[in-house]
Amino acid sequence: MTETQNVATYARIRPYNPAINEDKKLTARAKDGDKILNQNGANEDAYNFTRVFDMTDDTNALFERAMQPLLDYKILQGINSIFIVYGQSGSGKSFTLIGEQGHLGVLPMSLQYLLSKDNVENIHISSVEAYGIKAAKIGFYDLVAQLKISEAAQKGHFDPYASHDNPRLSSSTAETLEITADNCLSIITQLQNVSHMAPTLKNPHSSRGHTVYFCRVKMTDLEPVYFICVDLAGSEGQTALGTKQEFVDGLQLAMSKGKLHLSSKQKQGFEEMYKTRSLEAGCINNGLTQLQSIFGELIKKKISKAQGLGLRKVLSQFISLQSAYSIL
Numbered sequence: 024m025t026e027t028q029n030v031a032t033y034a035r036i037r038p039y040n041p042a043i044n045e046d047k048k049l050t051a052r053a054k055d056g057d058k059i060l061n062q063n064g065a066n067e068d069a070y071n072f073t074r075v076f077d078m079t080d081d082t083n084a085l086f087e088r089a090m091q092p093l094l095d096y097k098i099l100q101g102i103n104s105i106f107i108v109y110g111q112s113g114s115g116k117s118f119t120l121i122g123e124q125g126h127l128g129v130l131p132m133s134l135q136y137l138l139s140k141d142n143v144e145n146i147h148i149s150s151v152e153a154y155g156i157k158a159a160k161i162g163f164y165d166l167v168a169q170l171k172i173s174e175a176a177q178k179g180h181f182d183p184y185a186s187h188d189n190p191r192l193s194s195s196t197a198e199t200l201e202i203t204a205d206n207c208l209s210i211i212t213q214l215q216n217v218s219h220m221a222p223t224l225k226n227p228h229s230s231r232g233h234t235v236y237f238c239r240v241k242m243t244d245l246e247p248v249y250f251i252c253v254d255l256a257g258s259e260g261q262t263a264l265g266t267k268q269e270f271v272d273g274l275q276l277a278m279s280k281g282k283l284h285l286s287s288k289q290k291q292g293f294e295e296m297y298k299t300r301s302l303e304a305g306c307i308n309n310g311l312t313q314l315q316s317i318f319g320e321l322i323k324k325k326i327s328k329a330q331g332l333g334l335r336k337v338l339s340q341f342i343s344l345q346s347a348y349s350i351l
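Residue 24 is where the sequence shown starts when you use the working numbering, and the numbers rise one by one after that.
Right, dumping it as structure tokens:
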């Protein structure tokens, strides 16, 4: 991302993960800092990006070379910007975006960076998850409201699958929380924890909806600007679920590695769990198709006025040729 660019694309290669069912052989490799070469049978496919990060690059390097330019050249200049993490289920999207204690992702790092600037007065965050099991009936879940329900009930854990009172709101009416440099990771992690997450063959903690974090940045002498991060649920083919037996075996592998903890009731409901994951996958892929149409409109420099459904509806008021976009 530069002062004159409005769209940048990045890619990150992660190492083999022994806790999930995947091939140990790595087929992709970085070349020249801006290409990925992927072995596809007898052929080697090449993909070009603004920059590529391989397994020797940590998240700090990704922040400095991919995210910080977006903040400096766009957000701090008053330009609404959208950062999207996109990829297969289990590829490390949420880990790169959010991170964990002792290993910050690029979203909390960005909020800390912005709050360190003298002209940034405050940042408020809201979050909306687009989730469903029927493509025509995608629900919009206000994660801040769900977090407040969880805290008020003092249950310690909020299960969006078990609750019948999940707040369904549009992004324009979503509740907000003020972010500080000290609480940003904690708040984002708590918001993630009240979203729809469930195990799949490729990921023991798979996001089952597309989650959008709206960060409203108020700067001195400027109108509020929106820094938006989109944590997409992973693109899913049948390999993400496998057969019913492969699905069960995958969950048992994750449990044996200490990466997944299920209640006795959940262990008895593997068949229903498999059915629900399959229905969710159709809605996940539908949202990704909507995103591809947005990319196509940006390339043609002609944005449709239609709000659309699901993920597109959540993002619609910020999709314009004046906004900046980074895709990882």
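Beta carbons: idealized from backbone N, C-alpha and C, even for Gly. As the structure is a computational prediction, the values presented were derived from the model and not from experiment.
On the DSSP bridge list, what partners appear for residue i?
| i | result |
| --- | --- |
| Y136 | The partner list for Y136 (beta bridge, DSSP) is empty, contrary to what the question assumes. |
| F237 | S149, I251 |
| F106 | C252, S349 |
| F76 | R35 |
| N63 | N66 |
| I202 | I146 |
| A51 | N61 |
Less than 8 Å between the C-beta atoms of residue i and residue j, yes or no?
| i | j | result |
| --- | --- | --- |
| L93 | S349 | yes |
| A197 | S149 | yes |
| H233 | G310 | yes |
| M132 | F86 | yes |
| A158 | P222 | no |
| S230 | S117 | yes |
| L120 | L130 | yes |
| K97 | A329 | no |
| L170 | V235 | no |
| L344 | K324 | yes |
| L351 | V151 | no |
Between residue i and the rest of its own chain, which residues show a CB-CB distance below 8 Å, the 5 nearest in sequence each way excluded?
| i | result |
| --- | --- |
| Y249 | N103, S104, F237, C238, R239, V240, F341 |
| M78 | I36, R37, P38 |
Apart from the five residues just before and just after residue i, which ones in its own chain have a Cβ nearer than 7 Å to its Cβ?
| i | result |
| --- | --- |
| T299 | I156 |
| Q313 | G331, G333, L334, R335 |
| S193 | Because the pLDDT at S193 is just 46, under 50, the model does not fix this residue reliably, and the point stays unresolved. |
Buried or exposed for residue i, please, with buried defined as at least 16 other CB atoms from any protein chain shown within 10 angstroms of its CB.
| i | result |
| --- | --- |
| Y297 | buried |
| A168 | buried |
| Y70 | exposed |
| V268 | The residue asked about is misnamed: residue 268 is Gln in this sequence, not Val. Burial call: exposed. |
| Q62 | exposed |
| Q215 | buried |
| D81 | exposed |
| A153 | buried |
| E246 | exposed |
Leaving out five residues on either side along the sequence, give the residues of the same chain with a beta carbon under 6 Å from the beta carbon of residue i.
| i | result |
| --- | --- |
| A34 | I59, F72, V75 |
| R52 | L60 |
| N29 | A347 |
Return yes when at least one heavy atom of the ligand MN lies under 7 Å from the C-beta of residue i, else no.
| i | result |
| --- | --- |
| N142 | For the structure depicted, the ligand MN is absent and the ligand set is empty, with no information on it obtainable. |
*Cβ pair count under 8 Å reaching 3, the region 161-170 against the region 133-147*: The region 161-170, when compared against the region 133-147, does not touch it at the 8 Å Cβ threshold.
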